Structures are given as C-alpha cells and as structure tokens.
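Order-wise, the sequence lines are chains A and B.
The C-terminal residue of the first sequence carries number 209 in my numbering, and the numbering is unbroken.
The C-terminal residue of the second sequence carries number 254 in my numbering, and the numbering is unbroken.
Note that beta-carbon positions come from the ideal geometry of N, C-alpha and C, so glycine has one too.
Keep in mind the model is a prediction, meaning the values are calculated, not measured.
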Amino acid sequence: MKLDVNPTRMELLRLRKRLALARRGHKLLKDKQDELMKRFMALVYQIKDLRLGVERELEQAWKRFLVARSVGGAEIVEAAVSMPTRRTSVEVRKRQIMNVAVPEFRLATEGKLASYGLATTPAELDTALVAMEKALGRMVELASKEKALELIGDEIERTRRRVNALEYVLIPSLEETIRYISMKLSEMERGNLTRLMRVKEIVRGRS
Amino acid sequence: MLNKRLAVVGEKATVVAFEGLGVAAFPVESAEEARKIVSRLIRRKEHAVIFVTEDIGKAVEDIIAESTKEYEPSVVLVPSSSGSQKIGLRKLSQVLKRALGTDILKVE
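(1) Looking at chain A, is there any beta carbon in it that lies within less than 7 Å of the beta carbon of A245 of chain B?
(2) Straight-line CA distance for V212 of chain B to E152 of chain A?
(3) Can you find a C-beta in chain A that's less than 7 Å from the C-beta of E165 of chain B?
(4) What are the start and end residues of each continuous alpha helix (DSSP H) run of 4 or more residues lying completely inside the region 72 to 140 of chain A, in chain order?
(5) Hey, is A145 of chain A's beta-carbon within less than 7 Å of any beta-carbon in chain B?
(6) If we define contact as Cβ-Cβ less than 7 Å, is E61 of chain A a contact residue for chain B?
(7) Is there a C-beta anywhere in chain A that falls below 7 Å from the one on E254 of chain B?
(8) Quick check: what's the CA-CA separation for A63 of chain A versus T129 of chain A?
(9) Can you tell me where the alpha helix (DSSP H) with A263 of chain B in it begins and where it stops?
(10) Per the contact definition of three or more C-beta pairs closer than 8 Å, is the region 150 to 162 of chain B in contact with the region 43 to 55 of chain A?
(11) Count the other CB atoms within 10 Å of the CB of P174 of chain A; is the residue buried (16 or more) or exposed (fewer)?
(12) Any idea if I202 of chain B is buried or exposed, counting beta-carbon neighbours within 10 angstroms, 16 or more meaning buried?
(13) Opposite R151 of chain B in the DSSP bridges: which residues?
(14) Would you say E175 of chain B lies against chain A (beta-carbon separation less than 7 Å)?
(15) Can you list the residues of chain B that P124 of chain A reaches, using a CB-CB cut of under 9 Å?
(16) Which residues bound the alpha helix (DSSP H) around P174 of chain A?
(17) Name the residues in the region 45 to 71 of chain A whose C-beta lies less than 7 Å from a C-beta of chain B; which are they?
(18) Determine whether the Cβ of S220 of chain B lies closer than 7 Å to any Cβ atom of chain A.
(19) Below 7 Å between beta carbons: does that hold for R281 of chain B and V206 of chain B?
(20) Could you pull the DSSP bridge partners for V69 of chain A from this structure?
(21) Nearest-angstrom Cα distance between G139 of chain A and S146 of chain A?
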C-alpha cells in the first residue's frame, strides 16, 4: 500500500532514509529471532527428556508412598507427614537469556526430613520421602526450564510479529511509495520539457 | 536473592506426601475448588513454583495457560499417584505451537 505523501524530492530523500533504517531493523530482528529459536529448540529437547525422567521418578516415589500408607495405615502416615520440621523453599534468581528475564529456581531445604516417631510409622515411609525429595529437586529444575521455555516462546512470537510487520507491510509500502514518487518526478520532468519545446516553437514562429 | 515457597495442588491422598517435605500442600476435592485455589495461587505470587497434579490439571488448563506469559510463578503439571496422563507434555506442545506455528513433538 502506497503511503500518503507529497511527490517531492524532499519526501523521496526522506523515504529512502526510512527504507534503509527499516531494512537494518529487519535484519537485526531476524538475527534475534534466529538466535532465540536456537535457544528455544535446545531447551525443548532438554525439557522433553527431563520431563519424562521426572514423571517416571515421581511415579516410583508415589508407589512407595502408597505402599507406606497401606502398611502403616492411612491415618498414622498422614498424621506423621502433616507436621513437618522440614522447610523447603526455592531461591529465585533472575537470569537474562537474550534480554528475556527468566527466573532460575534452586531448591533450599532446612530442618530434618523425618520428624515423626520412628516407632509408630513404617520404614517404607522413610524411603518414600527420600525418593520424593530426590524427585522434587528435579521437578524444580523442570520448573525453571519450562518457565524459560514459555517466556522465550512468548518473545519469539512477539519478535516474529515485528519481523513480519517490517517484511510484509512497512518495507513493501516504502518501496512502492518511493517508486511512485520517482515516477511522478520524472513524469513532471518530461511534462516540463515538452512545455518548453512547445513554447520555443511558438516563439520561433512569431519572429 | 529471594526465597520463595513451593506449592502442590491436587487430590488429598497425593499431596499429603509432599507436606512431609515441607512443601505447602493444597488438597482439593472438586474441579471448582481446584480452579479457585490455582487462580488464587497464581495471582498472589507467594509461591515461586506451583505443582499441579494431572488429575485436576484438566479442570484448570485455561488458568494455567494464562500464567505462561508471566515471569512468576512457574506452574508445572506433574503426574498424580495414578500415573502420567501426558497432560504435562501436551502443555509443552501448546507452547511450541504458539512459538513456532507447528508442533514438532507430536504428542498424541
């Protein structure tokens, strides 16, 4: 689509500058998009493997917990784990990946893991909790990576929109307008020339 | 550096196990309750990571999808004690589809 401008030489020069700028911006954004894509793909495969591993590990841990529950009795086991002295939190650190702020989580634990009477609870509960804690560490790792993937994915989408807007809208319309102005200018030039020739003929006829 | 807590949302028999690890557990019994709790947890941002078990994951899929653009919290679907239903992987392929336009993992 042609822009709405006056076909003057000034305008032509201005548009040429804008076109050069748009092309440079397009190239930069395209490079950014390619690099984001590279990071994204690397993350995707990491996450896929990690997630499958975590799911397997967690399922094993659940099974152990269910065994513990049926051996020791649901009430006893649930009461045992409902008053933990263990406090689990994550350290959240901000990291920049290609100017995208991404949180990074690291598991931090304090307190004793088994804070219940050992006499009344089944031994299976201890192994179940140890297995679950191991799974939890990997789950937190998965959480960081999945969040990074989501945020980078969002950035890729935004960058792609901008690349496309430049490539398919702004740059073509600038090019078309530049072509229009230069045609118009040379048309005016030719008009001027014929008028001059005609005037000269009239002047020559009179003398 | 900031220390934030973790949360687990799911069916009671499943999440109590995590309570023993010092993770904040939110047992839910119905789909509405799950929606209410998950959206509140996401809005309050007190927990950096929210694990949602897959058996209630279906009920809150749209709420989780909205949270993906936020910096925090990270919502992760994990299998419940009855085994993986691949909802977590499906969420991953949705992210892919939005970013790339196609799904390259092909989770059935």
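Well, looking at it:
(1) yes
(2) The sequence shown places Glu at residue 212 of chain B, not Val. Spanning the two alpha carbons is a distance of roughly 11 Å.
(3) yes
(4) 76 to 84
(5) yes
(6) yes
(7) With a pLDDT of only 45 at E254 of chain B, under the threshold of 50, the placement of this residue in the model should not be trusted, and no figure is reported.
(8) 9 Å
(9) A question about residue 263 of chain B goes unanswered here, because the residues of chain B that appear run from 147 up to 254.
(10) no
(11) exposed
(12) buried
(13) A:S91, B:H193
(14) no
(15) Under the 9 Å cutoff, chain B gives no residues; its nearest Cβ is about 13 Å from P124 of chain A.
(16) 173 to 208
(17) V46, I49, K50, R53, E57, L60, E61, W64, F67, L68
(18) yes
(19) Since the first residue shown for chain B is 147 and the last is 254, residue 281 of chain B is missing from the structure and cannot be characterised.
(20) DSSP output for V69 of chain A lists no bridge partner at all.
(21) 11 Å
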